[in-house]
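Notes for the one structure printed next.
Residue numbers (the numbering used here): 192 to 290.
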């Protein structure tokens, strides 16, 4: 069984779709194509898949894409702070050759 989901490429990144696909890789495969304004994701269920209700699965997949999109956005916004904390931590570690 297979079906397609469309995601607006202006609102959803390909990275988020790929990360969501990886989360569900035990149950399905994803074939991604792109047109001028969207990503078309053909979801191919494995024969031994435990997915009973395809509509519920589509909702679950869309929610996972949103979750991954927000994780990417938060990571991008906090990257500077994370790097500053790491730089400070390593500057106090005694691992530098300048000590």
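Yeah, the Cβ is synthetic: ideal placement off N, Cα and C, and Gly gets one too.
Distance CB(residue i)-CB(residue j) smaller than 9 Å
{"i": "residue 232", "j": "residue 196", "result": "yes"}
{"i": "residue 240", "j": "residue 199", "result": "no"}
{"i": "residue 214", "j": "residue 255", "result": "yes"}
{"i": "residue 234", "j": "residue 246", "result": "no"}
{"i": "residue 210", "j": "residue 223", "result": "no"}
Inter-residue CB distance, residue i and residue j (contact presumed, cutoff 8 Å)
{"i": "residue 221", "j": "residue 212", "result": "4 Å"}
Identified DSSP bridge partners for residue i
{"i": "residue 234", "result": "194, 221"}
{"i": "residue 229", "result": "199"}
Whole-angstrom distance between residue j and residue i, CA atom to CA atom
{"i": "residue 283", "j": "residue 262", "result": "29 Å"}
{"i": "residue 236", "j": "residue 194", "result": "9 Å"}
{"i": "residue 203", "j": "residue 279", "result": "34 Å"}
{"i": "residue 271", "j": "residue 281", "result": "15 Å"}
Interface flag, residue i vs chain B, CB-CB below 9 Å
{"i": "residue 256", "result": "The structure shown contains no chain B; it holds only a single protein chain."}
Residues near residue i by beta carbon distance below 7 Å, same chain, minus five either side
{"i": "residue 207", "result": "256, 259, 260, 263"}
{"i": "residue 216", "result": "none"}
Distance cut-off 8 Å: residue i Cβ against heavy atoms of the ligand ATP
{"i": "residue 237", "result": "As presented, the structure is devoid of all ligands, the ligand ATP included, so that no description of it is given."}
Residues near residue i by beta carbon distance below 8 Å, same chain, minus five either side
{"i": "residue 201", "result": "228"}
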